[in-house]
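Asker: The following block contains the structure, expressed as structure tokens.
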Ligand code: DGL
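Residue numbers (this note's numbering): 24 to 293.
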């Protein structure tokens, strides 16, 4: 029983960490496509090809259920994958829905018509490809009406985090938040729509101001995964061993991941 977690790079580790804390008995196979990160500057076809290649590798590792812990892949590739690519005995889930359910105060599986919700003005921070896809607004429109979303494409933040340059990452976060606030001075909520951003969540919170609630994915996704596995224990897959895989340089990635997770973490070649 192993569950796959995929991201273009290190960002999905924020989801991995929360999932592992919530489900300590489940082995997770993590795959980071470090050879091709960042995805946020790529076009949808490219993201689809890279994502399907990596998810196939996770199926091979004994995972029947794979979480795309990457908003960019969830936004640009997931629907196409679910429509014609995912084999009938496998599942691939994204990270948007748990976030939007939390934002709109819905329970899982509540498919009632869209309705008015408490938030009116939402600031979305995400990669250029996620912003371009408008997938967040599309998913939100299924559940809520009258919500104004202002999206800020946060160019450069993923690269800075992948390079371990947290000073640059913080400076970029500040300037992206300022740019967003020029367009929407008083958001009711801010959404971190990229799994790398929880690594600089404090910087986002400081720049946005303490009176704006920040919605961050790791815990929400972990909770929703726990819920899913309770309903579908058969989706735990045949794999027995947790591991970390990368398409990049395992040594470099292990060092970066160890710094982030604050414990030794060994990546192997995918
Ligand atoms: N963590 C990915 C996301 O959630 C980053 C995408 C990228 O590689 O640009 O969107």
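For every residue, glycine included, the Cβ atom is placed at its ideal position computed from N, Cα and C. Nothing here was measured: the structure is a model prediction, and the numbers come from that model.
So, with DSSP's three-state summary, where would you put residue 124?
Answerer: DSSP places residue 124 in helix when its eight states are reduced to three.
Asker: For residue 263, which option in 60, 83 and 77 has the closest C-alpha, if you only look at C-alpha atoms?
Answerer: Comparing Cα-Cα distances from residue 263 to each of 60, 83 and 77, the minimum goes to 83.
Asker: Name the DSSP bridge partner or partners of residue 138?
Answerer: According to DSSP, which records beta bridges pairwise, residue 138 is partnered with 167.
Asker: Less than 9 Å between the C-beta atoms of residue 173 and residue 147, yes or no?
Answerer: Cβ atoms of residue 173 and residue 147: closer than 9 Å.
Asker: For the beta strand (DSSP E) that contains residue 30, what are its first and last residues?
Answerer: Residues 25 to 30.
Asker: At the level of alpha carbons, what is the spacing between residue 121 and residue 212?
Answerer: Those two C-alpha atoms are separated by around 16 Å.
Asker: Within its chain, find whatever has a CB closer than 6 Å to the CB of residue 42; leave out the 5 residues flanking it on each side and keep chain order.
Answerer: Contacts found: 245 and 248.
Asker: What does residue 35 pair with, by DSSP beta-bridge criteria?
Answerer: Its beta-bridge partners do not exist; DSSP assigns none.
Asker: Are residue 241 and residue 38 close, meaning C-beta to C-beta below 9 Å?
Answerer: Their beta carbons are under 9 Å apart, which means residue 241 touches residue 38 by this criterion.
Asker: Here's a check: name, in chain order, each residue in its chain whose Cβ is nearer than 8 Å to the Cβ of residue 193, leaving out the five neighbours to either side.
Answerer: For residue 193, where only same-chain residues beyond five positions count, the Cβ hits under 8 Å are 223 and 226.
Asker: Are there any heavy atoms of the ligand DGL lying less than 8 Å away from the beta-carbon of residue 219, as far as the coordinates show?
Answerer: It does: the Cβ of residue 219 is within 8 Å (strictly closer) of some heavy atom of the ligand DGL.
Asker: Compare the C-alpha of residue 66 against each of 89, 236, 257 and 150 and name the closest.
Answerer: Nearest of 89, 236, 257 and 150 to residue 66, Cα basis: 150.
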